[in-house]
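Residue numbering for the sequence shown follows our numbering, starting at 69 and increasing by one per position.
Ideal Cβ placement from N, Cα and C applies to all residues, glycine included.
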Amino acid sequence: LNVNVPPLPLSEIAGVKITRQGIRRYIETFEKRTDPRGKTYYWLVGEAIEDIEQPDHLHLPPEIPTDVQAIRDRYISVTPLQYNLTDAAAVYDLQEHGLGI
Numbered sequence: 069l070n071v072n073v074p075p076l077p078l079s080e081i082a083g084v085k086i087t088r089q090g091i092r093r094y095i096e097t098f099e100k101r102t103d104p105r106g107k108t109y110y111w112l113v114g115e116a117i118e119d120i121e122q123p124d125h126l127h128l129p130p131e132i133p134t135d136v137q138a139i140r141d142r143y144i145s146v147t148p149l150q151y152n153l154t155d156a157a158a159v160y161d162l163q164e165h166g167l168g169i
């Protein structure tokens, strides 16, 4: 789960919302950090310069707010995440074009 908490006193937080990921464009600045196991990672510390229109998602109704909007509205956002970057639509397109190797 990805949980974001607005930087507000507890008394000003409006509640909790289940959200989807928002898309933003940043001035890309990264900070080199080290995790507790001694592994290096990079944290995006750049400034958000604009929100990008959300594409329609095949599996999520559009009324589910983005994490960005929930934070703006003073809610804690909870976004379930998964790690699979396969572009399923492109897989089918490639197969239809005879590229199934």
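* Asked: Should the stretch 101 to 113 be called in touch with the stretch 156 to 164, which here means at least 3 C-beta pairs below 8 Å?
  -> Under the 8 Å Cβ criterion, the stretch 101 to 113 does not count as touching the stretch 156 to 164, having fewer than three qualifying pairs.
* Asked: Who pairs with T102 in a beta bridge, going by DSSP?
  -> T108
* Residue range of the beta strand (DSSP E) that I170 falls in? -> Residue 170 cannot be examined here, being either before or after the span of the chain that is shown, 69 to 169.
* Mapping DSSP to helix, strand and coil, what is I117? -> strand
* To do: Can you tell me the Cβ-Cβ gap for R142 and L76, rounded? I've got them flagged as a contact below 8 Å.
  => Yes, they are in contact, since the Cβ atoms of R142 and L76 sit about 6 Å apart, within 8 Å.
* Name the two residues that bound the continuous alpha helix (DSSP H) containing I139. => D135 to R140
* Asked: Which stretch, first to last residue, makes up the beta strand (DSSP E) that contains V159?
  -> Where V159 is concerned, there is no enclosing beta strand (DSSP E), although the alpha helix (DSSP H) it sits in stretches over A156 to E164.
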